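Residue numbers (full-length UniProt numbering): 1 to 576. Let me begin by presenting the structure, written as C-alpha coordinates, before commenting on it.
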(Lines of atoms letter the chains of each structure in order from A and count residues from 1; the text may use other names and numbers.)
(Lines give C-alpha, C1' and ligand atoms only; values in the text may rest on other atoms or scores of the structure.)
Protein backbone atom coordinates (compact mmCIF):
# COMPACT_ATOMS: atom_id res chain seq x y z
CA UNK A 1 0.00 0.00 0.00
CA UNK A 2 1.20 3.49 -0.74
CA UNK A 3 1.24 6.58 1.42
CA UNK A 4 -1.61 8.93 0.72
CA UNK A 5 -0.67 12.16 -1.03
CA UNK A 6 -2.74 15.17 -0.12
CA UNK A 7 -3.90 17.65 -2.71
CA UNK A 8 -1.77 20.74 -3.14
CA UNK A 9 -3.49 24.07 -2.70
CA UNK A 10 -1.85 27.22 -4.09
CA UNK A 11 -2.97 30.74 -3.11
CA UNK A 12 -2.69 33.71 -5.48
CA UNK A 13 -3.05 37.37 -4.38
CA UNK A 14 -4.44 39.90 -6.85
CA UNK A 15 -4.15 43.61 -6.10
CA UNK A 16 -7.41 44.55 -7.78
CA UNK A 17 -9.41 42.12 -5.68
CA UNK A 18 -9.93 41.99 -2.00
CA UNK A 19 -9.35 38.45 -0.96
CA UNK A 20 -7.52 35.43 -2.21
CA UNK A 21 -8.18 32.96 -5.02
CA UNK A 22 -7.39 29.33 -4.16
CA UNK A 23 -6.61 26.94 -6.97
CA UNK A 24 -6.43 23.22 -6.22
CA UNK A 25 -3.59 21.53 -8.10
CA UNK A 26 -4.51 17.86 -8.15
CA UNK A 27 -3.27 16.89 -11.59
CA UNK A 28 0.36 17.53 -12.44
CA UNK A 29 2.48 16.41 -15.32
CA UNK A 30 5.57 14.37 -14.57
CA UNK A 31 8.48 13.35 -16.78
CA UNK A 32 9.71 9.76 -16.85
CA UNK A 33 13.13 9.11 -18.38
CA UNK A 34 13.61 5.50 -19.50
CA UNK A 35 17.23 4.99 -20.59
CA UNK A 36 17.35 8.41 -22.23
CA UNK A 37 13.86 8.35 -23.77
CA UNK A 38 11.52 10.78 -22.00
CA UNK A 39 7.82 10.19 -21.48
CA UNK A 40 5.39 12.74 -20.08
CA UNK A 41 2.09 11.90 -18.43
CA UNK A 42 -0.29 13.07 -15.70
CA UNK A 43 -0.14 11.99 -12.08
CA UNK A 44 -3.83 11.09 -12.18
CA UNK A 45 -3.05 8.60 -14.94
CA UNK A 46 -0.53 6.80 -12.75
CA UNK A 47 -2.68 7.06 -9.63
CA UNK A 48 -5.29 4.78 -11.21
CA UNK A 49 -3.21 1.84 -10.00
CA UNK A 50 -1.81 2.88 -6.60
CA UNK A 51 -0.43 -0.59 -5.78
CA UNK A 52 2.05 -0.50 -8.67
CA UNK A 53 5.53 1.00 -8.73
CA UNK A 54 4.63 4.06 -10.80
CA UNK A 55 1.24 4.49 -9.15
CA UNK A 56 2.68 4.78 -5.64
CA UNK A 57 4.28 8.22 -5.01
CA UNK A 58 6.52 6.87 -2.26
CA UNK A 59 7.87 3.93 -4.27
CA UNK A 60 8.56 5.92 -7.41
CA UNK A 61 10.25 8.68 -5.40
CA UNK A 62 13.31 6.43 -5.07
CA UNK A 63 13.95 6.99 -8.78
CA UNK A 64 13.44 10.77 -8.70
CA UNK A 65 16.24 12.96 -10.07
CA UNK A 66 15.93 16.34 -8.34
CA UNK A 67 18.48 18.02 -10.62
CA UNK A 68 16.52 17.28 -13.79
CA UNK A 69 13.11 17.15 -12.12
CA UNK A 70 12.28 13.76 -13.61
CA UNK A 71 12.09 10.08 -12.77
CA UNK A 72 14.87 7.99 -14.25
CA UNK A 73 14.60 4.24 -14.95
CA UNK A 74 17.44 2.29 -16.51
CA UNK A 75 15.07 -0.22 -18.11
CA UNK A 76 14.00 -1.46 -21.55
CA UNK A 77 12.66 1.45 -23.61
CA UNK A 78 10.33 -0.35 -26.08
CA UNK A 79 8.61 -2.11 -23.19
CA UNK A 80 7.72 1.14 -21.46
CA UNK A 81 5.40 2.11 -24.30
CA UNK A 82 3.17 -0.80 -23.32
CA UNK A 83 3.64 -0.12 -19.60
CA UNK A 84 2.53 3.50 -19.95
CA UNK A 85 -0.39 2.48 -22.17
CA UNK A 86 -1.44 0.13 -19.38
CA UNK A 87 -2.03 3.15 -17.15
CA UNK A 88 -3.59 5.24 -19.90
CA UNK A 89 -6.04 2.55 -21.04
CA UNK A 90 -7.12 1.55 -17.57
CA UNK A 91 -5.55 -1.90 -17.44
CA UNK A 92 -5.00 -3.17 -20.98
CA UNK A 93 -1.56 -4.72 -21.38
CA UNK A 94 -0.16 -5.82 -24.75
CA UNK A 95 3.41 -6.89 -25.41
CA UNK A 96 5.15 -5.01 -28.27
CA UNK A 97 6.05 -7.30 -31.15
CA UNK A 98 9.71 -6.24 -31.04
CA UNK A 99 10.14 -7.13 -27.35
CA UNK A 100 10.91 -10.75 -26.36
CA UNK A 101 8.60 -12.48 -23.92
CA UNK A 102 11.23 -12.93 -21.21
CA UNK A 103 12.27 -9.26 -21.37
CA UNK A 104 8.68 -8.02 -21.13
CA UNK A 105 8.02 -10.43 -18.27
CA UNK A 106 10.90 -8.92 -16.29
CA UNK A 107 9.53 -5.44 -16.96
CA UNK A 108 6.10 -6.42 -15.62
CA UNK A 109 7.72 -7.75 -12.46
CA UNK A 110 9.87 -4.65 -12.04
CA UNK A 111 6.98 -2.19 -12.37
CA UNK A 112 4.90 -4.49 -10.12
CA UNK A 113 1.70 -4.41 -12.15
CA UNK A 114 0.17 -7.12 -9.97
CA UNK A 115 -0.35 -10.86 -10.04
CA UNK A 116 -3.74 -10.62 -11.75
CA UNK A 117 -2.32 -8.59 -14.64
CA UNK A 118 0.66 -10.93 -14.89
CA UNK A 119 -1.56 -14.03 -15.08
CA UNK A 120 -3.75 -12.35 -17.70
CA UNK A 121 -0.65 -11.52 -19.72
CA UNK A 122 0.54 -15.13 -19.53
CA UNK A 123 -2.83 -16.36 -20.76
CA UNK A 124 -2.74 -13.90 -23.67
CA UNK A 125 0.71 -15.19 -24.60
CA UNK A 126 -0.55 -18.79 -24.63
CA UNK A 127 0.94 -19.99 -21.34
CA UNK A 128 -1.02 -22.38 -19.19
CA UNK A 129 -1.45 -21.94 -15.47
CA UNK A 130 1.02 -23.67 -13.20
CA UNK A 131 -0.20 -26.60 -11.19
CA UNK A 132 -1.28 -25.61 -7.71
CA UNK A 133 -0.16 -28.00 -4.98
CA UNK A 134 -2.77 -28.05 -2.23
CA UNK A 135 -1.36 -29.29 1.07
CA UNK A 136 -3.16 -30.52 4.20
CA UNK A 137 -3.72 -28.20 7.13
CA UNK A 138 -2.45 -30.60 9.77
CA UNK A 139 1.34 -30.67 10.10
CA UNK A 140 1.63 -34.46 10.38
CA UNK A 141 -0.75 -35.05 7.47
CA UNK A 142 1.19 -32.53 5.41
CA UNK A 143 4.43 -34.44 5.97
CA UNK A 144 2.79 -37.76 5.08
CA UNK A 145 1.16 -36.26 1.98
CA UNK A 146 4.45 -34.86 0.72
CA UNK A 147 6.10 -38.17 1.53
CA UNK A 148 3.78 -40.27 -0.64
CA UNK A 149 2.54 -37.78 -3.24
CA UNK A 150 5.58 -35.68 -4.20
CA UNK A 151 8.81 -37.69 -4.60
CA UNK A 152 10.85 -34.53 -5.22
CA UNK A 153 9.99 -32.96 -1.86
CA UNK A 154 12.59 -34.85 0.24
CA UNK A 155 15.07 -37.73 0.29
CA UNK A 156 12.67 -39.94 2.24
CA UNK A 157 9.99 -39.31 -0.37
CA UNK A 158 12.40 -40.40 -3.11
CA UNK A 159 13.12 -43.64 -1.22
CA UNK A 160 9.41 -44.41 -0.90
CA UNK A 161 8.95 -43.65 -4.59
CA UNK A 162 11.74 -46.10 -5.46
CA UNK A 163 10.10 -48.81 -3.32
CA UNK A 164 6.74 -48.17 -4.97
CA UNK A 165 8.36 -48.29 -8.40
CA UNK A 166 10.01 -51.64 -7.63
CA UNK A 167 6.70 -53.07 -6.41
CA UNK A 168 4.99 -51.99 -9.63
CA UNK A 169 7.72 -53.57 -11.76
CA UNK A 170 7.54 -56.82 -9.77
CA UNK A 171 3.77 -56.92 -10.18
CA UNK A 172 4.02 -56.42 -13.95
CA UNK A 173 6.71 -59.13 -14.21
CA UNK A 174 4.50 -61.55 -12.25
CA UNK A 175 1.55 -60.76 -14.53
CA UNK A 176 3.62 -61.70 -17.58
CA UNK A 177 5.54 -64.67 -16.11
CA UNK A 178 2.49 -66.48 -14.76
CA UNK A 179 1.24 -67.00 -18.32
CA UNK A 180 4.23 -69.26 -19.11
CA UNK A 181 3.28 -72.97 -19.34
CA UNK A 182 5.71 -73.84 -16.56
CA UNK A 183 3.92 -71.58 -14.07
CA UNK A 184 0.32 -72.24 -15.16
CA UNK A 185 -1.79 -74.38 -12.85
CA UNK A 186 -4.61 -76.39 -14.42
CA UNK A 187 -7.50 -77.95 -12.55
CA UNK A 188 -9.74 -80.61 -14.09
CA UNK A 189 -13.43 -79.76 -14.03
CA UNK A 190 -16.30 -82.15 -14.83
CA UNK A 191 -19.05 -80.28 -16.59
CA UNK A 192 -22.33 -81.69 -17.95
CA UNK A 193 -23.38 -80.49 -21.38
CA UNK A 194 -26.95 -80.16 -22.70
CA UNK A 195 -27.14 -83.94 -23.35
CA UNK A 196 -26.22 -84.58 -19.69
CA UNK A 197 -22.88 -86.10 -20.70
CA UNK A 198 -19.83 -85.37 -18.50
CA UNK A 199 -17.09 -83.28 -20.09
CA UNK A 200 -13.60 -82.99 -18.67
CA UNK A 201 -12.20 -79.45 -18.96
CA UNK A 202 -8.87 -78.03 -17.84
CA UNK A 203 -9.30 -74.60 -16.22
CA UNK A 204 -6.40 -72.29 -15.40
CA UNK A 205 -6.81 -71.26 -11.76
CA UNK A 206 -4.42 -69.39 -9.48
CA UNK A 207 -2.48 -71.52 -7.01
CA UNK A 208 -2.76 -70.05 -3.53
CA UNK A 209 0.39 -71.71 -2.24
CA UNK A 210 2.51 -70.72 -5.25
CA UNK A 211 5.43 -68.32 -5.05
CA UNK A 212 3.99 -65.98 -7.66
CA UNK A 213 0.70 -65.73 -5.80
CA UNK A 214 2.51 -64.88 -2.56
CA UNK A 215 4.54 -62.17 -4.30
CA UNK A 216 1.35 -60.86 -5.89
CA UNK A 217 -0.26 -60.72 -2.45
CA UNK A 218 2.67 -58.72 -1.07
CA UNK A 219 2.38 -56.24 -3.94
CA UNK A 220 -1.35 -55.84 -3.38
CA UNK A 221 -0.79 -55.27 0.33
CA UNK A 222 1.63 -52.45 -0.53
CA UNK A 223 -0.87 -50.98 -3.02
CA UNK A 224 -3.61 -51.05 -0.40
CA UNK A 225 -1.39 -49.56 2.30
CA UNK A 226 -0.22 -46.77 0.01
CA UNK A 227 -3.76 -45.98 -1.16
CA UNK A 228 -5.17 -45.83 2.39
CA UNK A 229 -2.29 -43.66 3.66
CA UNK A 230 -2.63 -41.22 0.79
CA UNK A 231 -6.40 -41.05 1.23
CA UNK A 232 -6.07 -40.40 4.97
CA UNK A 233 -3.54 -37.61 4.42
CA UNK A 234 -5.03 -35.96 1.32
CA UNK A 235 -6.33 -32.39 1.82
CA UNK A 236 -9.44 -32.90 -0.33
CA UNK A 237 -11.22 -36.20 0.22
CA UNK A 238 -13.92 -35.66 -2.40
CA UNK A 239 -11.47 -34.74 -5.13
CA UNK A 240 -9.19 -37.68 -4.30
CA UNK A 241 -11.06 -40.24 -6.40
CA UNK A 242 -11.64 -37.79 -9.23
CA UNK A 243 -8.01 -38.11 -10.23
CA UNK A 244 -7.28 -40.73 -12.86
CA UNK A 245 -4.18 -42.06 -11.10
CA UNK A 246 -6.12 -42.76 -7.92
CA UNK A 247 -8.78 -44.61 -9.89
CA UNK A 248 -6.04 -46.73 -11.47
CA UNK A 249 -4.79 -47.56 -7.97
CA UNK A 250 -8.24 -48.80 -7.00
CA UNK A 251 -8.67 -50.78 -10.23
CA UNK A 252 -5.30 -52.46 -9.71
CA UNK A 253 -6.48 -53.85 -6.35
CA UNK A 254 -9.99 -55.01 -7.31
CA UNK A 255 -8.93 -58.05 -9.47
CA UNK A 256 -7.01 -59.53 -6.56
CA UNK A 257 -9.97 -59.17 -4.22
CA UNK A 258 -12.29 -60.79 -6.77
CA UNK A 259 -9.81 -63.64 -7.28
CA UNK A 260 -9.74 -64.33 -3.55
CA UNK A 261 -13.54 -64.28 -3.47
CA UNK A 262 -13.74 -66.72 -6.37
CA UNK A 263 -11.29 -69.12 -4.73
CA UNK A 264 -13.29 -69.05 -1.52
CA UNK A 265 -16.47 -69.90 -3.45
CA UNK A 266 -15.20 -73.20 -4.86
CA UNK A 267 -18.07 -75.06 -3.23
CA UNK A 268 -20.31 -74.30 -6.23
CA UNK A 269 -19.63 -76.83 -8.96
CA UNK A 270 -20.78 -77.27 -12.54
CA UNK A 271 -21.61 -74.75 -15.24
CA UNK A 272 -21.83 -71.79 -12.88
CA UNK A 273 -18.26 -72.38 -11.72
CA UNK A 274 -16.94 -72.56 -15.27
CA UNK A 275 -18.70 -69.32 -16.13
CA UNK A 276 -17.39 -67.62 -12.99
CA UNK A 277 -13.84 -68.71 -13.84
CA UNK A 278 -14.24 -67.28 -17.33
CA UNK A 279 -15.37 -63.99 -15.86
CA UNK A 280 -12.49 -64.16 -13.40
CA UNK A 281 -10.05 -64.58 -16.26
CA UNK A 282 -11.34 -61.40 -17.84
CA UNK A 283 -11.17 -59.50 -14.56
CA UNK A 284 -7.59 -60.61 -14.00
CA UNK A 285 -6.77 -58.98 -17.32
CA UNK A 286 -7.50 -55.63 -15.66
CA UNK A 287 -4.22 -56.05 -13.76
CA UNK A 288 -2.44 -54.88 -16.88
CA UNK A 289 -3.58 -51.34 -16.03
CA UNK A 290 -1.02 -51.36 -13.22
CA UNK A 291 1.53 -50.35 -15.81
CA UNK A 292 -0.08 -46.89 -15.79
CA UNK A 293 0.99 -46.54 -12.16
CA UNK A 294 4.48 -45.94 -13.52
CA UNK A 295 3.37 -42.52 -14.70
CA UNK A 296 3.18 -41.40 -11.07
CA UNK A 297 6.97 -41.74 -10.88
CA UNK A 298 7.85 -40.96 -14.51
CA UNK A 299 7.97 -37.36 -15.71
CA UNK A 300 8.14 -38.58 -19.31
CA UNK A 301 4.82 -40.41 -19.06
CA UNK A 302 3.27 -37.39 -17.38
CA UNK A 303 4.47 -35.17 -20.20
CA UNK A 304 3.04 -37.62 -22.72
CA UNK A 305 -0.30 -37.60 -20.92
CA UNK A 306 -0.44 -33.80 -20.88
CA UNK A 307 0.49 -33.75 -24.55
CA UNK A 308 -2.35 -36.09 -25.49
CA UNK A 309 -4.76 -34.08 -23.36
CA UNK A 310 -3.69 -30.79 -24.95
CA UNK A 311 -3.86 -32.36 -28.43
CA UNK A 312 -7.31 -33.85 -27.93
CA UNK A 313 -8.90 -31.72 -30.65
CA UNK A 314 -6.19 -32.63 -33.15
CA UNK A 315 -6.55 -36.32 -32.32
CA UNK A 316 -10.33 -36.11 -32.78
CA UNK A 317 -9.77 -34.38 -36.11
CA UNK A 318 -7.36 -37.15 -37.12
CA UNK A 319 -9.89 -39.85 -36.23
CA UNK A 320 -12.58 -38.03 -38.19
CA UNK A 321 -10.38 -37.80 -41.30
CA UNK A 322 -9.49 -41.48 -40.99
CA UNK A 323 -13.15 -42.43 -40.64
CA UNK A 324 -14.12 -40.48 -43.77
CA UNK A 325 -11.25 -41.96 -45.79
CA UNK A 326 -11.92 -45.50 -44.54
CA UNK A 327 -15.56 -45.36 -45.59
CA UNK A 328 -14.70 -43.73 -48.93
CA UNK A 329 -11.94 -46.14 -49.99
CA UNK A 330 -13.70 -49.21 -48.60
CA UNK A 331 -16.69 -48.50 -50.81
CA UNK A 332 -14.42 -47.70 -53.78
CA UNK A 333 -12.38 -50.92 -53.51
CA UNK A 334 -15.52 -53.01 -53.01
CA UNK A 335 -17.06 -51.83 -56.28
CA UNK A 336 -13.66 -51.89 -58.07
CA UNK A 337 -13.25 -55.56 -57.10
CA UNK A 338 -16.88 -56.51 -57.77
CA UNK A 339 -16.00 -58.40 -60.99
CA UNK A 340 -13.20 -60.33 -59.26
CA UNK A 341 -13.50 -63.03 -56.65
CA UNK A 342 -15.63 -62.09 -53.63
CA UNK A 343 -13.25 -63.84 -51.25
CA UNK A 344 -11.08 -60.72 -50.86
CA UNK A 345 -13.78 -58.07 -50.32
CA UNK A 346 -17.12 -59.75 -49.57
CA UNK A 347 -18.65 -56.47 -48.26
CA UNK A 348 -17.87 -52.83 -47.56
CA UNK A 349 -17.70 -53.51 -43.83
CA UNK A 350 -15.11 -56.26 -44.42
CA UNK A 351 -13.12 -53.77 -46.50
CA UNK A 352 -12.82 -51.44 -43.49
CA UNK A 353 -9.94 -53.54 -42.17
CA UNK A 354 -8.10 -53.32 -45.50
CA UNK A 355 -8.56 -49.51 -45.62
CA UNK A 356 -7.22 -49.01 -42.08
CA UNK A 357 -4.20 -51.26 -42.68
CA UNK A 358 -3.45 -49.52 -45.98
CA UNK A 359 -3.83 -45.95 -44.67
CA UNK A 360 -1.53 -46.65 -41.73
CA UNK A 361 1.01 -48.21 -44.16
CA UNK A 362 1.05 -51.51 -42.23
CA UNK A 363 0.00 -53.79 -45.10
CA UNK A 364 -0.58 -57.28 -43.65
CA UNK A 365 -1.43 -58.66 -47.09
CA UNK A 366 -4.37 -60.77 -45.95
CA UNK A 367 -6.67 -58.64 -48.16
CA UNK A 368 -5.42 -57.09 -51.39
CA UNK A 369 -6.93 -55.84 -54.66
CA UNK A 370 -6.19 -57.83 -57.84
CA UNK A 371 -7.82 -55.74 -60.58
CA UNK A 372 -6.33 -52.62 -62.17
CA UNK A 373 -9.01 -50.31 -60.76
CA UNK A 374 -8.63 -51.91 -57.35
CA UNK A 375 -4.88 -51.27 -57.37
CA UNK A 376 -5.49 -47.63 -58.34
CA UNK A 377 -7.88 -47.26 -55.40
CA UNK A 378 -5.31 -48.93 -53.13
CA UNK A 379 -2.58 -46.51 -54.25
CA UNK A 380 -4.80 -43.49 -53.63
CA UNK A 381 -5.76 -44.93 -50.23
CA UNK A 382 -2.10 -45.26 -49.17
CA UNK A 383 -1.25 -41.70 -50.30
CA UNK A 384 -4.33 -40.26 -48.57
CA UNK A 385 -3.40 -42.11 -45.38
CA UNK A 386 0.11 -40.64 -45.32
CA UNK A 387 -1.22 -37.11 -45.84
CA UNK A 388 -4.04 -37.50 -43.32
CA UNK A 389 -1.84 -38.81 -40.53
CA UNK A 390 0.95 -36.29 -41.20
CA UNK A 391 -1.27 -33.19 -40.93
CA UNK A 392 -1.85 -33.07 -37.11
CA UNK A 393 1.57 -34.51 -36.19
CA UNK A 394 3.42 -31.11 -36.07
CA UNK A 395 0.86 -29.74 -33.62
CA UNK A 396 1.24 -32.78 -31.35
CA UNK A 397 5.04 -32.56 -31.52
CA UNK A 398 4.90 -28.85 -30.69
CA UNK A 399 2.74 -29.53 -27.64
CA UNK A 400 5.12 -32.27 -26.51
CA UNK A 401 8.15 -29.97 -26.80
CA UNK A 402 6.35 -27.26 -24.86
CA UNK A 403 5.37 -29.54 -21.96
CA UNK A 404 8.77 -31.23 -21.95
CA UNK A 405 10.74 -27.98 -21.67
CA UNK A 406 8.26 -26.60 -19.17
CA UNK A 407 8.66 -29.68 -16.98
CA UNK A 408 12.44 -29.55 -17.28
CA UNK A 409 12.64 -25.89 -16.29
CA UNK A 410 10.23 -26.09 -13.35
CA UNK A 411 11.49 -29.39 -11.94
CA UNK A 412 14.26 -27.81 -9.85
CA UNK A 413 12.32 -24.67 -8.94
CA UNK A 414 9.17 -26.27 -7.55
CA UNK A 415 8.49 -25.50 -3.89
CA UNK A 416 5.64 -26.85 -1.79
CA UNK A 417 4.22 -24.27 0.58
CA UNK A 418 1.49 -24.71 3.16
CA UNK A 419 -1.22 -22.07 3.47
CA UNK A 420 -2.93 -21.91 6.83
CA UNK A 421 -5.83 -19.65 5.88
CA UNK A 422 -7.33 -20.86 2.62
CA UNK A 423 -5.29 -24.07 2.18
CA UNK A 424 -3.93 -23.03 -1.14
CA UNK A 425 -0.44 -23.99 -2.20
CA UNK A 426 1.70 -22.17 -4.68
CA UNK A 427 4.17 -23.44 -7.22
CA UNK A 428 7.00 -20.93 -7.14
CA UNK A 429 8.79 -20.52 -10.44
CA UNK A 430 11.41 -18.25 -8.89
CA UNK A 431 13.23 -18.51 -5.57
CA UNK A 432 13.03 -14.74 -5.21
CA UNK A 433 9.28 -15.08 -4.74
CA UNK A 434 9.87 -16.45 -1.24
CA UNK A 435 9.99 -12.93 0.09
CA UNK A 436 6.63 -12.00 -1.38
CA UNK A 437 4.71 -14.05 1.18
CA UNK A 438 2.20 -15.64 -1.16
CA UNK A 439 1.13 -17.92 1.69
CA UNK A 440 -1.28 -15.27 2.95
CA UNK A 441 -4.48 -13.82 1.65
CA UNK A 442 -4.61 -10.34 0.12
CA UNK A 443 -6.08 -8.86 3.27
CA UNK A 444 -3.35 -10.35 5.44
CA UNK A 445 -0.67 -9.12 3.06
CA UNK A 446 -2.03 -5.57 3.19
CA UNK A 447 -2.02 -5.76 6.99
CA UNK A 448 1.58 -6.98 6.96
CA UNK A 449 2.57 -4.11 4.68
CA UNK A 450 0.91 -1.65 7.08
CA UNK A 451 2.71 -3.15 10.08
CA UNK A 452 6.00 -3.19 8.20
CA UNK A 453 5.59 0.44 7.16
CA UNK A 454 4.77 1.46 10.72
CA UNK A 455 7.78 -0.45 12.04
CA UNK A 456 9.98 1.20 9.42
CA UNK A 457 8.93 4.65 10.65
CA UNK A 458 9.73 3.69 14.24
CA UNK A 459 13.12 2.29 13.28
CA UNK A 460 13.97 5.33 11.20
CA UNK A 461 13.01 7.73 13.98
CA UNK A 462 14.96 5.84 16.64
CA UNK A 463 17.98 4.95 14.52
CA UNK A 464 19.90 8.09 15.39
CA UNK A 465 19.85 7.10 19.07
CA UNK A 466 22.99 5.10 20.06
CA UNK A 467 21.06 2.80 22.39
CA UNK A 468 18.55 1.89 19.73
CA UNK A 469 21.35 1.44 17.20
CA UNK A 470 22.65 -1.48 19.25
CA UNK A 471 19.18 -2.98 19.32
CA UNK A 472 18.90 -2.77 15.54
CA UNK A 473 22.35 -4.33 15.23
CA UNK A 474 21.29 -7.28 17.37
CA UNK A 475 18.11 -7.72 15.33
CA UNK A 476 20.01 -7.74 12.04
CA UNK A 477 22.74 -10.01 13.39
CA UNK A 478 20.18 -12.51 14.72
CA UNK A 479 18.54 -12.46 11.32
CA UNK A 480 21.77 -13.28 9.50
CA UNK A 481 23.46 -15.61 11.96
CA UNK A 482 21.65 -18.67 10.57
CA UNK A 483 23.09 -17.81 7.18
CA UNK A 484 26.68 -17.59 8.45
CA UNK A 485 27.23 -13.89 7.87
CA UNK A 486 30.00 -12.67 10.17
CA UNK A 487 28.89 -10.54 13.12
CA UNK A 488 31.79 -8.13 12.53
CA UNK A 489 30.49 -7.38 9.05
CA UNK A 490 27.01 -6.76 10.43
CA UNK A 491 28.34 -4.42 13.09
CA UNK A 492 30.43 -2.59 10.50
CA UNK A 493 27.37 -2.25 8.32
CA UNK A 494 25.34 -0.81 11.20
CA UNK A 495 28.11 1.66 12.06
CA UNK A 496 28.26 2.75 8.42
CA UNK A 497 24.52 3.31 8.41
CA UNK A 498 24.79 5.31 11.62
CA UNK A 499 27.46 7.54 10.11
CA UNK A 500 25.35 7.93 7.01
CA UNK A 501 22.38 8.96 9.12
CA UNK A 502 24.45 11.60 10.91
CA UNK A 503 25.67 12.99 7.58
CA UNK A 504 22.09 13.19 6.38
CA UNK A 505 21.10 15.09 9.51
CA UNK A 506 23.99 17.51 9.02
CA UNK A 507 23.08 17.96 5.37
CA UNK A 508 19.54 18.87 6.34
CA UNK A 509 20.92 21.52 8.67
CA UNK A 510 23.22 22.80 5.88
CA UNK A 511 26.29 22.16 8.03
CA UNK A 512 28.16 20.19 5.38
CA UNK A 513 28.26 20.20 1.63
CA UNK A 514 25.52 18.24 -0.13
CA UNK A 515 28.06 16.59 -2.45
CA UNK A 516 29.97 15.25 0.55
CA UNK A 517 26.79 13.67 1.90
CA UNK A 518 26.01 12.24 -1.51
CA UNK A 519 29.49 10.64 -1.81
CA UNK A 520 29.25 9.21 1.69
CA UNK A 521 25.79 7.91 0.91
CA UNK A 522 27.07 5.99 -2.13
CA UNK A 523 30.02 4.59 -0.17
CA UNK A 524 27.99 3.25 2.73
CA UNK A 525 25.22 2.10 0.47
CA UNK A 526 27.78 0.01 -1.43
CA UNK A 527 29.04 -1.49 1.86
CA UNK A 528 25.52 -2.47 2.82
CA UNK A 529 24.89 -3.96 -0.62
CA UNK A 530 27.98 -6.18 -0.26
CA UNK A 531 26.56 -7.65 2.94
CA UNK A 532 23.23 -8.16 1.23
CA UNK A 533 24.91 -9.95 -1.68
CA UNK A 534 26.66 -12.28 0.74
CA UNK A 535 23.33 -12.91 2.41
CA UNK A 536 21.81 -13.86 -0.94
CA UNK A 537 24.68 -16.23 -1.66
CA UNK A 538 24.30 -17.89 1.74
CA UNK A 539 20.56 -18.18 1.14
CA UNK A 540 21.13 -20.04 -2.11
CA UNK A 541 23.82 -22.19 -0.51
CA UNK A 542 21.78 -23.28 2.50
CA UNK A 543 18.33 -23.28 0.91
CA UNK A 544 18.10 -27.07 1.26
CA UNK A 545 19.15 -27.03 4.95
CA UNK A 546 16.86 -24.31 6.28
CA UNK A 547 13.05 -24.17 6.03
CA UNK A 548 11.67 -21.97 3.31
CA UNK A 549 9.62 -20.01 5.84
CA UNK A 550 12.81 -19.08 7.74
CA UNK A 551 14.45 -17.76 4.57
CA UNK A 552 11.27 -15.85 3.70
CA UNK A 553 11.18 -14.34 7.20
CA UNK A 554 14.86 -13.36 6.96
CA UNK A 555 14.28 -11.72 3.59
CA UNK A 556 11.35 -9.77 4.97
CA UNK A 557 13.23 -8.52 8.03
CA UNK A 558 16.28 -7.56 5.99
CA UNK A 559 14.09 -5.76 3.45
CA UNK A 560 12.43 -3.88 6.31
CA UNK A 561 15.79 -2.76 7.72
CA UNK A 562 17.06 -1.87 4.27
CA UNK A 563 14.15 0.43 3.46
CA UNK A 564 14.10 1.99 6.92
CA UNK A 565 17.80 2.87 7.01
CA UNK A 566 19.44 2.95 3.59
CA UNK A 567 16.30 4.19 1.82
CA UNK A 568 14.42 6.35 4.37
CA UNK A 569 11.20 7.95 3.22
CA UNK A 570 12.62 11.42 3.82
CA UNK A 571 16.29 11.11 2.94
CA UNK A 572 18.66 14.03 2.87
CA UNK A 573 19.18 13.72 -0.88
CA UNK A 574 15.51 14.26 -1.60
CA UNK A 575 15.37 17.18 0.78
CA UNK A 576 18.29 19.06 -0.69
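C-beta: ideal position from N, C-alpha, C; glycine also. Computed from a predicted structure; not experimentally measured.
>> In this structure, how does DSSP classify residue 595 when only helix, strand and coil are distinguished?
In response: Any property of residue 595 remains undetermined from this structure, which presents the chain solely from 1 to 576.
> Do residue 627 and residue 289 have their C-beta atoms within less than 8 Å of each other?
Replying inline: No answer is possible for residue 627: the residues shown for the chain start at 1 and end at 576.
> What did DSSP end up calling residue 388 once you bin it into helix, strand or coil?
Replying inline: helix
> Do you know offhand how far residue 41's Cα is from residue 91's?
Replying inline: 16 Å
> Could you give the distance in angstroms between the alpha-carbon of residue 115 and the alpha-carbon of residue 86?
Replying inline: Roughly 14 Å separates the two Cα atoms.
> Buried or exposed: where does residue 182 fall if 16 or more other Cβ atoms within 10 Å of its Cβ makes it buried?
Replying inline: exposed
> CB-CB under 8 Å to residue 253, same chain, minus the five flanking residues each way: which ones, in chain order?
Replying inline: Same-chain partners within the cutoff: 220, 223, 224, 227.
> So what does DSSP say about residue 405, is it helix, strand or coil?
Replying inline: Residue state, collapsed to three classes: helix.
>> At the level of alpha carbons, what is the spacing between residue 248 and residue 407?
In response: 23 Å
> With respect to the beta strand (DSSP E) encompassing residue 72, which residues constitute its N-terminal and C-terminal limits?
Replying inline: Counted as a single uninterrupted DSSP element, the beta strand (DSSP E) harbouring residue 72 occupies residues 70 to 73.
> So does the segment 340 to 349 actually touch the segment 290 to 310, counting three or more Cβ pairs closer than 8 Å?
Replying inline: no
> Once you ignore the five residues that flank residue 287 on each side, which residues in its own chain have a CB closer than 7 Å to its CB?
Replying inline: The residues are 175, 252, 255.
>> So, for residue 396: in the same chain, excluding its five sequence neighbours on each side, which residues have a beta-carbon less than 7 Å away from its beta-carbon?
In response: 307, 311, 314
>> By the three-class DSSP mapping on this structure, what secondary structure does residue 40 have?
In response: strand
>> What I want to know is whether the C-beta of residue 306 ends up closer than 7 Å to one or more non-hydrogen atoms of the ligand COA.
In response: Ligands are entirely absent from the displayed structure, and the ligand COA is therefore not among its contents.
> If you check the beta carbons only, do residue 356 and residue 364 fall under 8 Å apart?
Replying inline: No, Cβ-Cβ distance for residue 356 and residue 364 is not below 8 Å.
> At which residues does the alpha helix (DSSP H) containing residue 305 begin and terminate?
Replying inline: 299 to 310
> For residue 249, which three-state DSSP category applies?
Replying inline: helix
>> Considering only the alpha carbon of each residue, which of 69, 230, 326, 338 lies closest to residue 380?
In response: 326
>> Extract the residue ranges of the alpha helix (DSSP H) inside the segment 91 to 150, only unbroken runs of 4 or more that lie entirely within it.
In response: If we require 4 residues or more, the alpha helix (DSSP H) runs fully inside the segment 91 to 150 come out as 101 to 111, 115 to 124, 139 to 149.
> Applying the criterion that 16 or more other CB atoms from any shown protein chain within 10 Å of the CB defines a buried residue, is residue 549 buried or exposed?
Replying inline: Note that residue 549 scores a pLDDT of 47, beneath 50, so its modelled location is shaky and nothing firm can be said.
>> Between which two residues does the alpha helix (DSSP H) holding residue 292 run?
In response: Unbroken run through residue 292: none, as it is neither H nor E.
>> Using the Cβ count rule (16 or more neighbours within 10 Å means buried), how would you classify residue 152?
In response: exposed
> Rounded C-beta distance between residue 125 and residue 101? I'm assuming under 8 Å.
Replying inline: 6 Å
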